[in-house]
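Residue numbering for the sequence shown follows the numbering used here, beginning at 61 and increasing consecutively.
Glycine included, C-beta positions come from ideal geometry on N, C-alpha and C.
Remember, predicted model here, so these are calculated numbers, not experimental data.
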Amino acid sequence: MAEIVEETFLRRWFVLVELALAIVVGILFGVVFNENWHLDWIPGTVLFFALEVVRLNWAMARIKESYAILSNVLEALRGTGTDNFRRVLLLYGLNPIGDVWKSTVSVGKPQVLDFWRDCIEATKLRWSSVSYATGQDVWERSWSDHALAIQSERIKAGCDILRVFIVENHDEQERLRKIMDEQTKVGITVHCVLAADVKKSKRIMEPLQKVGSWDVALVDDAWVFITQLDKQRAVRGALATRDASLVEYVRQYVSEVKELADK
């Protein structure tokens, strides 16, 4: 509703500016060409209609953009099965902070934590994840207490949560020890592996190259949550998708990493 009010206000403001410009141009035309005072209204009128054309083109572009978003959401909702991915599609497909195309929703860095919360809350049975983002960027932030409470509630509701932490060295593993212990206490199945060992496994690296991120979650065996990282493992965005090929690659990746952690 706020967006509608704001857009209506901007539209009225734009028309007032058009009228003001038209009057000013008309006056200036009259001053410069005072011998043709009876034609003063022509340039102002031409300018007014020219600005109206610009405004209408802008409005049509907004309408086309909204239509494209709704079309993508409706297309993605077809055949979504019994999982809760449709909730994510509806929530972010109709929200300007998310982008939707086909069966994929993506957000920028400022929305990642809220997006993660909404996705894990939409999980019905199983959240199987691999975590590679730096602790400073995710688990060591004050937000982690809230994240732990959310996961605890999902477990109480019957959801299984698995998380395999990938760390660069044993020092990082020790820094995350408290976090891993807290997650274990609420019922999360937690493992930890070294990145060097992951890189040695061809069975892991092959699907990983297709996924494009080391930090992922397989949700209800039906859709995936992917955290997009930069080269320093800092979060730069996230997406959720039902794309069949990505779901399969993430399934293989998570399974192989878990198998490595079990050894």
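Using 8 Å as the cut-off, can you tell me whether the segment 168-181 makes contact with the segment 230-241, which would need three or more C-beta pairs spanning the two stretches below that distance? Touching, no.
Please tell me whether F145 and A298 are closer than 8 Å, where the distance is taken between their beta carbons. Not a contact, by the Cβ cut-off of 8 Å.
Cβ separation of L254 and W274, assumed to be a contact under 8 Å, to the nearest whole Å: Not really, about 13 Å apart at Cβ, beyond 8 Å.
Would you report the Cα separation of W187 and A277, rounded to the nearest angstrom? Using only the alpha carbons, I get a separation of about 6 Å.
Quick check: what's the CA-CA separation for A256 versus I264? 12 Å
For A193 and T301, which I take to be in contact (beta-carbon distance under 8 Å), what is that distance rounded to the nearest angstrom? At roughly 19 Å, the Cβ-Cβ gap does not stay under 8 Å, so A193 and T301 are not in contact.
Looking at the secondary structure, which residues open and close the alpha helix (DSSP H) in which I248 lies? No alpha helix (DSSP H) contains I248, which DSSP labels as neither H nor E.
Beta-carbon proximity list for S305, same chain, < 6 Å, skipping 5 on both sides: none
Provide the residue span of the beta strand (DSSP E) that contains D322, from first to last. Secondary structure note for D322: it is in no beta strand (DSSP E), and the uninterrupted alpha helix (DSSP H) holding it is A304 to D322.
Note down, in chain order, each residue of its chain lying with its Cβ closer than 8 Å to the Cβ of L320, except the 5 sequence neighbours on either side. Short of 8 Å from the beta carbon of L320, and not among the five residues preceding or following it, lie these beta carbons of its own chain, in chain order: V253, D257, V258, S261 and I264.
Note down, in chain order, each residue of its chain lying with its Cβ closer than 6 Å to the Cβ of S189, except the 5 sequence neighbours on either side. R223 and A277, listed in sequence order.
Give the C-beta separation of V246 and S202 to the nearest angstrom, bearing in mind that I take them to be a contact with Cβ-Cβ under 8 Å. Taking a contact as a CB-CB distance under 8 Å, the pair V246 and S202 does not count as one, their CB atoms being some 17 Å apart.
For D231, name the three-state secondary structure that DSSP assigns. Of the three classes helix, strand and coil, the one that applies to D231 here is helix, per DSSP.
If I measure Cβ to Cβ from R311 and keep anything under 6 Å in the same chain, skipping five residues before and after, which residues do I get? Cβ within range, chain order: L278.
Judging by CA-CA distance, which residue of C219, V250, S204 and K238 is the nearest neighbour of D322? V250
Anticipated Cβ contact below 8 Å, E181 with I210, distance rounded: Rounded, the Cβ-Cβ distance is 7 Å, consistent with contact.
To test your reading of the DSSP string, which unbroken beta strand (DSSP E) runs of 3 or more residues are found completely within the segment 148-202? As far as the segment 148-202 is concerned, its whole beta strand (DSSP E) runs of at least 3 residues are 159-161, 164-168 and 186-191.
Is V307 near V284, with beta carbons less than 8 Å apart? yes
Give the straight-line distance between the Cα atoms of R296 and A207, rounded to the nearest whole angstrom. 19 Å
Just to check my reading of the structure: S163 and D280 have Cβ atoms closer than 8 Å, yes? What is that Cβ distance to the nearest angstrom? S163 to D280, Cβ: 14 Å. No contact.
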